[in-house]
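Numbering (my numbering), first residue to last: 62 to 362. Take a look at the structure below.
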Amino acid sequence: MRERDPGAVSLFLASTLIWGSTWLAIKYQLGTVAPEVSVALRFAAAGILLALGCAAAGRSLRFSRRAHAFLALQGALMFGLNYAGVYLAEEHATSGLVAVLFSTIVFMNPVGMRIAYATPLSARTFVAAGLGVTGVAMLFLPELAAAGRDDRAAQAVAYGLVATVFASIGNIVAVRNQRAGIPTFPGTAWAMLYGALLVAAIALVRGTPWTFDPRPAYWGAFAYLVAFGSIAAFGAYLTLLKKVGAGTAGFVGVGTPVVALLLSTLFEGYRWTAVAAAGAALAVAGNLIALPHPPWRRRAR
């Protein structure tokens, strides 16, 4: 038996690094176009491109009605309600608070897997989760302190936690779809399209204006978010989910803020404090403990 799985480690790093970089890309989309409209367009474009790629590769996009029902559920949770909740949360608080709230998925995923599939819960997972969430909280400690003085923080917490619950259930549904034999990329294409439709419907119900931003920066960021933030990152993440399960895959939500702040240091002049550095170390430690086959272990002989 192998002691490590470099494939899983590579997938973990790919999804974490890409999603960490999307924080910068999203900033170039803010201003003219409402966030939910950008999200709907992003996943619609990603779903269409992924479907075209599957068709060109000869991969079937035909599924039964039952399979479509579960793909629609996955899309609604993972690409629709999850993102809608995150953006609603960010309307009431800073992205730092939302990042901390979303990192709690490392607790939700193992519990959800236990409920849905009777997957064993390990002390190691919860130790890693505790370290990871504590680390992310320390990274954004000044923002958390400011949020505590904001009357809108309670609403942000509610939206953020609900969004995280939706994301976690979406992970569980994705595991179900994988176990049912639905191939990752054709299934993800449909799920993204269903999610895009739901976000668009939410925007219409809320009366969100559909405006156009002609700036090259907006469309450059849009192209990056479609090709890398959606197709590449979700492809890597869902493949990781299949390899290691939702419990371990959820730790991507802990690593992403660390990468985002590292990039902010390079491009936005973010200044580290001792507390933030300690938080990053704890978050990384949680990720390393969570990996089922740490990369430093040698192959068993």
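We treat Cβ as the ideally placed atom computed from N, Cα and C, and that holds for glycine. This one's a predicted model, so the numbers in the text were calculated from it and none came from an experiment.
message: With a threshold of 8 Å, are at least 3 pairs of Cβ atoms found where one atom belongs to the stretch 240-255 and the other to the stretch 84-97?
response: no
- prompt: Who are the near neighbours of Trp357 in its chain, counting only those whose CB is closer than 7 Å to its CB and skipping five residues on each side?
  reply: Within the sequence shown, the letter at position 296 stands for residue 357. Residue placement at Trp357 is flagged as unreliable, the pLDDT there being 43, under the threshold of 50; the coordinate-derived value follows with that caveat. So no residue of the chain qualifies.
Span separating the alpha-carbon of Pro270 from that of Val188: Within the sequence shown, numbered from 1, the residue matching residue 270 stands at position 209. Within the sequence shown, numbered from 1, the residue matching residue 188 stands at position 127. Approximately 45 Å between the Cα atoms of the pair.
task: Express the C-alpha separation of Ser325 and Leu78 in angstroms, rounding to a whole number.
output: Stepping through the sequence shown from its first residue, residue 78 is reached at position 17. Stepping through the sequence shown from its first residue, residue 325 is reached at position 264. So the two alpha carbons sit approximately 13 Å from each other.
field: Candidates Gly136, Val94, Gly340, Ala116, of which the one nearest Leu60 by Cα
entry: Absent from the model: residue 60. The displayed extent of the chain is 62 to 362, so no value can be given.
query: Just how far apart, CA to CA, sit Leu68 and Ala337?
result: For the purposes of this step, residue 68 is taken as residue 7 along the sequence shown, with counting starting at 1. For the purposes of this step, residue 337 is taken as residue 276 along the sequence shown, with counting starting at 1. Reading off the sequence shown, one finds Gly at residue 68, where the question assumed Leu. Taking the straight line from one Cα to the other gives about 30 Å.
field: Complete alpha helix (DSSP H) runs within the stretch 147-209 (minimum length 4 residues, chain order)
entry: 156-164, 166-178, 184-200, 202-209
message: Please give the ranges of any alpha helix (DSSP H) in the stretch 198-286, keeping only runs that are unbroken, at least 4 residues long and fully inside the region.
response: 202-209, 214-240, 245-266, 277-285
Own chain, CB closer than 6 Å to Ala344, minus 5 neighbours either side, in chain order: As a working mapping, residue 344 is identified with position 283 in the sequence shown. The answer, listed in chain order, is Gly193, Gly196, Val197, Val315, Val319.
- prompt: In three-state DSSP terms, what is Gln90?
  reply: Position 29 of the sequence shown holds residue 90. Coil at Gln90, not helix or strand.
task: Would you check if the distance between the CB atom of Ala297 and the CB atom of Ala75 is smaller than 9 Å?
output: Within the sequence shown, the letter at position 236 stands for residue 297. Within the sequence shown, the letter at position 14 stands for residue 75. Closer than 9 Å, so yes.
task: Would you kindly check if the distance between the Cβ of Gly157 and the Cβ of Glu204 is under 9 Å?
output: Taking the first residue of the sequence shown as 1, we reach residue 204 at position 143. Taking the first residue of the sequence shown as 1, we reach residue 157 at position 96. Yes.
query: Gly311 by DSSP, collapsed to three states: which one?
result: As a first step, residue 311 must be located in the sequence shown, where it is residue number 250. Coil at Gly311, not helix or strand.
query: Val167 and Ala190: beta carbons closer than 9 Å?
result: Along the sequence shown, one-based indexing puts residue 167 at 106. Along the sequence shown, one-based indexing puts residue 190 at 129. Yes, Cβ-Cβ distance for Val167 and Ala190 is below 9 Å.
query: Count the other CB atoms within 10 Å of the CB of Tyr285; is the residue buried (16 or more) or exposed (fewer)?
result: Here residue 285 corresponds to residue number 224 of the sequence shown, with the count starting at 1. With 16 or more other Cβ atoms within 10 Å, it is buried.
field: Residue environment, Tyr255, which counts as buried when at least 16 other CB atoms sit within 10 Å
entry: Along the sequence shown, read from residue 1 onward, the residue named residue 255 stands at position 194. When all chains shown are included, Tyr255 counts as buried.
query: Looking only at its own chain, which residues have a Cβ that is under 7 Å from the Cβ of Ala105, when we skip the five neighbours before and after it?
result: As a working mapping, residue 105 is identified with position 44 in the sequence shown. If we look at Ala105 and ignore the five residues flanking it on each side, its Cβ neighbours are Leu254, Ala257.
message: Once the 5 residues before and after Gly81 are set aside, which same chain residues still bring their CB inside 8 Å of it?
response: As a working mapping, residue 81 is identified with position 20 in the sequence shown. The residues are Gly316, Thr317, Pro318, Val319, Val320, Ala321, Leu323, Leu324.
The alpha helix (DSSP H) enclosing Thr136, as first and last residue numbers: Sequence index remark: in the sequence shown, residue 136 carries index 75 (1-based). The amino acid at residue 136 is misidentified as Thr; the sequence shows Gly. Looking at the DSSP string, the run of the alpha helix (DSSP H) that includes Gly136 is 126-136.
- request: Quick one: grab the DSSP three-state call for Leu352.
  value: Numbered from 1 along the sequence shown, position 291 holds the residue referred to as residue 352. In this structure, Leu352 counts as coil in the three-state DSSP scheme.
- request: Would you mind giving the Cβ-Cβ distance between Met169 and Val226, rounded to the nearest angstrom? I have them listed as a contact below 8 Å.
  value: What you label residue 169 is simply residue 108 of the sequence shown in a count that begins at 1. What you label residue 226 is simply residue 165 of the sequence shown in a count that begins at 1. Contact flag correct, Cβ pair sits at about 7 Å.
message: Taking the alpha-carbon of Phe246 as reference, which of Phe73, Gly114, Val94 has the nearest alpha-carbon?
response: Looking up residue 246 in the sequence shown gives position 185. Here the closest residue by C-alpha is Gly114.
Pairwise C-alpha distance: Gly330 and Ala116: Translated into the one-based positions of the sequence shown, residue 116 becomes position 55. Translated into the one-based positions of the sequence shown, residue 330 becomes position 269. Near 44 Å, if we compare the C-alpha coordinates of Gly330 and Ala116.
field: C-alpha distance - Ala339 paired with Pro171, whole-angstrom precision
entry: Residue mapping note: residue 339 aligns to position 278 of the sequence shown, counting from 1. Residue mapping note: residue 171 aligns to position 110 of the sequence shown, counting from 1. Each residue's alpha carbon lies about 26 Å from the other.
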